[in-house]
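*Asks:* Input: one structure, supplied below.
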Amino acid sequence: MDNDKKLFEELLKADGINPAGATESERIAFGKILDGQSKPKTSKPGSRPDIWRVIMQSKITKLTAAAAIILVGMVIVNQFGGSIDMASVAWADVVAEINNYTRYKCRQRVVREKGLQRPTMDVYHMNLSLRRQEVEDGSIHIIDMRGTDAITVELYPAERKAIVTKLLGFGPRKDPHIIEMVKRFEQESTERLGTKEVDGKILQGFRHAPNAGNDFTVWVDPETKLPVEIELVHTRQGQTIFLDEFEFEFDFELDPSAFSTDVPDGYEVETIILDYRPVEPKDITAEDIQSKLIHTAYAVAKLPWMEKVAEIETIDPLGTKAKVYMTGIQTNDDNVILVAQGDYYDMDRMVWIPNQQLVLETPIGIELYTHPNGGIYAKHFLESFAKAKPGFFDIENLSEERVTWMIVMPDRTVLSLSSNKQMSAEMVQELVESLTKIQAN
């Protein structure tokens with residue numbers, strides 16, 4: 112693995128993301144990380160369970176439902192039957208047939224053990240950058256990432272309300288495309304599973320495990336050579352997502368107007384602007400942070416052991432293109448501490464946090480957790496801060512003791528706390544308890 116691929120994996124791990132299970136948006140943000148994954152694991156013979164759980168992480172970049180953008184679905188299937196006398200389908204034939212299509216429709220149900228639940232929806236992919244979601248609650252979401260400025264529209268017909276989210280500089284991007292992942296399977300490492308019968312139709316199964324964290328099963332209609340069901344097993348941080356009733360309809364017919372981001376007449380419209388355009392690092396104030404975030408912002412109170420404090424706005428060192436706001440602290444014991452916050456720092460996205468070790472819980476309900484890859488995370492944030500404020504921190508002084516914790520406030524806002532050197536438990540608690548809401552002017 113070359114240095115670039117190592118860096119991509121480090122960036123993903125630093126954000127609590129398993130590189131093996133990254134969504135398409137994260138692979139775009141962090142680079143082609145899947146190319147750096149480990150070799151396929153050897154399949155073991157044996158019976159399969161009656162139902163497979165699809166386990167993956169929902170990584171939400173923004174707070175509105177459609178602006179979250181990237182949810183993909185796989186299926187839960189029943190026990191497959193024995194083989195029968197029929198022509199076998201080669202995996203290469205499946206890939207060749209899939210390549211004939213850019214549009215597909217699927218039904219998706221997501222259930223999560225923790226965090227915000229996701230409703231069942233019918234998803235229409237017009238292409239990799241334009242899709243329509245018809246949700247079981249009656250709402251309709253249009254996601255258009257074809258242009259430089261992506262746009263999502265959430266329509267709530269019963270209330271005659273709409274939420275329009277404009278993501279400046281976010282595009283052009285591609286939807287997470289599970290079919291694209293399936294096309295990457297290699298013929299020689301794809302295992303045949305025999306057949307099973309579903310609704311009177313005999314399907315042929317294939318299994319592919321590209322790495323220790325992902326295990327795909329694809330059931331194919333031998334007549335069309337197209338997937339009928341797909342299932343994925345992916346274990347990460349204890350979170351579980353179940354998806355079933357995933358039925359494919361390739362090359363569906365739907366009027367192009369169904370993908371329009373124009374809001375119908377008579378709707379009450381709420382507009383949200385999220386700015387992903389590149390910025391040069393710059394000094395800011397606590398009040399600036401509150402004016403830029405779409406959720407509550409927090410300031411660090413000046414404590415006796417703090418010698419110098421500086422606040423900056425910069426681009427997320429982990430490659431998401433989002434803006435982050437860092438408070439840098441020089442201490443009287445020659446340490447540098449960073450407190451970071453941003454729009455994507457919230458518990459609806461960072462659902463992996465409660466599965467980490469709880470280090471501290473204050474009387475008012477602030478919780479402090481370990482970070483699974485805290486050293487890597489701290490490294491990238493400290494490097495970013497040092498580049499922006501070279502007189503504040505010399506990157507040559509980067510310590511092997513560096514560590515990161517995640518702070519969860521009572522309102523579910525999340526901040527990260529990174530330290531170049533180890534901090535005493537007393538200092539950590541003092542800092543966490545000093546966080547106060549920034550009041551808007």
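Counting from 1 along the sequence shown, just add 111 to a position and that's the residue number in my numbering.
Quick reminder that beta carbons are idealized off the backbone N, C-alpha and C, glycines included.
Being a predicted model, the structure only gives us computed values, none of them experimental.
#1: Contact criterion: CB-CB distance below 8 Å. Does His-491 meet it with respect to chain C?
#2: Mark Arg-295 as exposed unless 16 or more other C-beta atoms lie within 10 angstroms of its C-beta, in which case mark it buried.
#3: I'd like to know if the stretch 240-260 and the stretch 364-374 are in contact, where contact means that at least 3 CB-CB pairs between them fall below 8 Å.
#4: Contact between the stretch 523-539 and the stretch 439-458: three or more CB pairs below 8 Å?
#5: Sorted by chain position, which residues of the same chain lie with C-beta nearer than 7 Å to Ala-536's C-beta, five sequence neighbours on each side aside?
#6: Label Pro-483 either buried or exposed according to how many other C-beta atoms from any shown protein chain fall within 10 Å of its C-beta, with 16 as the threshold for buried.
#7: Let me check understanding here. Comparing Cα to Cα, which of Leu-239, Glu-265, Asp-260 lies closest to Glu-245?
#8: Enumerate, from N- to C-terminal direction, the unbroken beta strand (DSSP E) stretches of 3 or more residues contained entirely within the stretch 201-257.
#9: If you run the structure through DSSP and keep just helix, strand and coil, what is Asn-322?
#10: For Lys-434, collect the residues of the same chain with a Cβ closer than 8 Å to its Cβ; drop the 5 residues on either side in sequence, then sort them by chain order.
#11: Buried or exposed for Glu-381, going by 16 or more other Cβ atoms inside 10 Å?
#12: Distance, Cα to Cα, Val-309 vs Glu-342?
#13: Note down the Cα distance separating Val-525 from Val-462, rounded to an integer number of angstroms.
#14: Kindly indicate the opening and closing residues of the beta strand (DSSP E) around Ser-529.
#15: Measure from the alpha carbon of Glu-360 to the alpha carbon of each residue in Met-237, Val-543, Asp-204, then state which is nearest.
#16: Going by C-alpha to C-alpha distance, which of Ile-209, Glu-541, Phe-281 sits closest to Thr-335?
#17: Can you round the beta-carbon distance between Lys-263 and Thr-276 to whole angstroms, since I take them to be within the 8 Å contact cut?
#18: What are the uninterrupted segments assigned as beta strand (DSSP E) that are 3 or more residues long and contained completely in the stretch 376-461, given in chain order?
#19: Ser-545: which of Asp-326, Pro-392, Ala-410 sits nearest, CA to CA?
#20: Would you call Asn-325 buried or exposed, if buried means 16 or more other Cβ atoms sit within 10 Å of its Cβ?
#21: Looking only at DSSP bridge pairs, what is Thr-263 linked to?
#22: Starting from Glu-302, trace the alpha helix (DSSP H) in both directions and tell me its first and last residue.
#23: So the alpha helix (DSSP H) Glu-494 belongs to, where does it begin and stop?
#24: Look up Lys-336 in the DSSP assignment and give the residues it is bridged to.
#25: Can you grab the Cα-Cα spacing for the pair Arg-523 / Lys-216, in whole Å?
#26: Can you give me the C-alpha to C-alpha distance between Ala-261 and Leu-239, rounded to a whole angstrom?
*Replies:* According to the structure shown:
#1: The structure shown contains no chain C; it is built from a single protein chain.
#2: exposed
#3: Yes: at least three Cβ pairs fall under 8 Å.
#4: yes
#5: none
#6: Buried.
#7: Glu-265
#8: Counting whole runs of 3 or more residues, the stretch 201-257 contains the beta strand (DSSP E) stretches 215-223, 229-238, 241-246, 251-255.
#9: strand
#10: Setting aside the 5 residues that flank it on each side, Lys-434 is surrounded in the same chain by Asp-386, Tyr-387, Val-390, Lys-403, Glu-424, Thr-425, Ile-426, Asp-427, Gly-453, Asp-454, each with a C-beta closer than 8 Å to its C-beta; the list follows chain order.
#11: exposed
#12: 15 Å
#13: 11 Å
#14: 525-530
#15: Met-237
#16: Ile-209
#17: One point to set straight first is that residue 263 is Thr, not Lys, in the sequence displayed. At roughly 5 Å, the Cβ-Cβ gap stays under 8 Å, so Thr-263 and Thr-276 are in contact.
#18: 379-386, 417-426, 434-442, 447-453
#19: Check the Cα spacing between Ser-545 and each of Asp-326, Pro-392, Ala-410: the tightest is with Ala-410.
#20: buried
#21: Ile-254, Thr-276
#22: Note, Glu-302: premise wrong, no alpha helix (DSSP H); beta strand (DSSP E) at 302-309.
#23: 485-499
#24: According to DSSP, which records beta bridges pairwise, Lys-336 is partnered with nothing at all.
#25: 35 Å
#26: 13 Å
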